[in-house]
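**Q**
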Amino acid sequence: MSFRLVDARHIHDFVLWLRFSDGTEGELDLRAELDGPIFEPLRNIEFFKQFRINPDLHTLVWPNGADFAPEFLYTNIRVTASRP
Numbered sequence: 071m072s073f074r075l076v077d078a079r080h081i082h083d084f085v086l087w088l089r090f091s092d093g094t095e096g097e098l099d100l101r102a103e104l105d106g107p108i109f110e111p112l113r114n115i116e117f118f119k120q121f122r123i124n125p126d127l128h129t130l131v132w133p134n135g136a137d138f139a140p141e142f143l144y145t146n147i148r149v150t151a152s153r154p
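If you want it as structure tokens, here you go:
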């Protein structure tokens, strides 16, 4: 299965809304995942909001090089809708 993130929006705090190429979408709270040197800067909410979708990796990335595997994001979202 290919996990391709196609859209993402900041909802509040450390919660993002994500949509994948298969139509699966939902919310994910990343607060508990912000441990370790690469993720520590993301604890600053203004820096956290600077994410973008990398077109080659198909996942979220931040200016300091932090990213999450698209498989991790896909399997951990709270699904709010899914389309075939």
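In the working numbering, the protein residues as written are 71 to 154.
Yeah, the Cβ is synthetic: ideal placement off N, Cα and C, and Gly gets one too.
Does DSSP put F121 in a helix, in a strand, or in coil?
**A** Here F121 sits in coil by DSSP.
**Q** Would you say L104 and I147 are within 9 Å of each other, going by their C-beta atoms?
**A** Taking 9 Å as the Cβ cut-off, L104 and I147 do not qualify as a contacting pair.
**Q** Report yes if the CB atom of L100 is closer than 9 Å to the CB atom of F117, and no otherwise.
**A** No, they are not a contact pair.
**Q** Sort G93, R113, A136 and P111 by Cα distance to I123 and report the nearest one.
**A** Among G93, R113, A136 and P111, the Cα nearest to that of I123 is on A136.
**Q** Assuming E141 is part of the alpha helix (DSSP H), what are its boundary residues?
**A** Here the alpha helix (DSSP H) through E141 covers P140 to N146.
**Q** Could you please give the first and the last residue of the uninterrupted beta strand (DSSP E) stretch that includes T129?
**A** From DSSP, the beta strand (DSSP E) with T129 extends over T129 to V131.
**Q** Can you tell me whether DSSP reads A102 as helix, strand or coil?
**A** Helix at A102.
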